[in-house]
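Counting with the numbering used here, you get residues 8 to 186 for the letters of the sequence shown. In this text, a Cβ means the ideal position worked out from N, Cα and C, and glycines have one as well. Everything numeric in this text was worked out from a predicted model, so none of it was measured. In what follows, a single structure is set out as structure tokens and then discussed.
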Amino acid sequence: MENHDKEFIDKLEKRFKENMDRHPSIKWDFVKSSILNDPDLYDAIYAMEETGGEPDLVDLEIFKGLVYVDLADKSPTGRRSLCYDKKARQARKENPPASSVEEEIGEFGIKLLSEDKYIALAEIATFDTKTTSWIKTPEDIRAKGGALFAGRRFDRVFVYYNSPESYYKDRGFRVYIQI
């Protein structure tokens with residue numbers, strides 16, 4: 008696999024080693040090998056990095072295994088100003104964005120953080136103190152015309168609802184992928 012970006016792998020390694028509390032019993036060589044030997048995993052993590060997610064490895068029980076997840080302080084800059092899903096985007100009468108969260112996620116085999124995963128992740132890292140991120144919305148809420156997003160204020164996580172057609176310059180989305 009000689010087609011890999013050394014600078015990208017070095018950046019992941021540096022982040023991994025600077026944040027050992029997120030994965031205390033995991034060795035970098037195992038992670039590097041997993042990434043380099045799985046082109047889909049490599050491409051997904053690369054896309055997460057390129058869009059501002061600053062992905063790092065996390066070992067939390069709620070994920071049922073090791074995952075790479077967006078841990079940037081602010082909602083990833085390359086994934087903002089999007090409606091929740093395609094249906095919502097197409098329903099906009101004026102100024103629809105170019106894409107939606109669910110359409111973007113579909114490209115790389117990554118998953119949107121759910122409310123419980125977002126909250127668990129917020130226990131080991133501080134993020135979204137000045138931004139918010141769309142989170143996986145249960146079908147019953149989506150069927151009633153709502154969509155969920157979360158953010159951190161006053162040292163705690165808040166989960167809010169909004170119309171899925173809405174989009175804001177400071178709202179993006181966070182994703183993860185199993186390794």
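Distance between D47 and F134, taken at the CA atoms: about 27 Å.
An exposed status is given to R163, since fewer than 16 other beta-carbon atoms sit within 10 Å of its beta-carbon. For the pair L119 and F180, the CB atoms are nearer than the 8 Å cut-off. Per DSSP, the beta bridge partners of L155 are Y168.
One Cα belongs to E122, the other to K81, and the distance between them is close to 17 Å. Taking 8 Å as the cut-off, the beta carbon of R96 is found no closer than this to the beta carbon of S140. In the assembly as shown, T144 is a buried residue. Its beta-carbon has 16 or more other beta-carbons within 10 Å. By the neighbour-count criterion, in which a residue is buried when 16 or more other Cβ atoms sit within 10 angstroms of its Cβ, I131 is exposed. Judged by pairs of C-beta atoms under 8 Å, the segment 81-91 touches the segment 54-73, as three or more such pairs exist.
Close CB contacts of E20 within its chain, under the 8 Å cut and outside five residues either way in sequence, are with W35, K39 (chain order). In the same chain as V74, and ignoring 5 residues on each side of it, the C-beta atoms closer than 6 Å to its own belong to V65, Y183, Q185, in chain order. Take the alpha-carbon of D147 and the one of K124: they are about 19 Å apart. Around the C-beta of G158, 16 or more other C-beta atoms lie within 10 Å, and the residue is accordingly described as buried. Contact check for P171 against Y53 fails: the beta carbons are separated by 8 Å or more.
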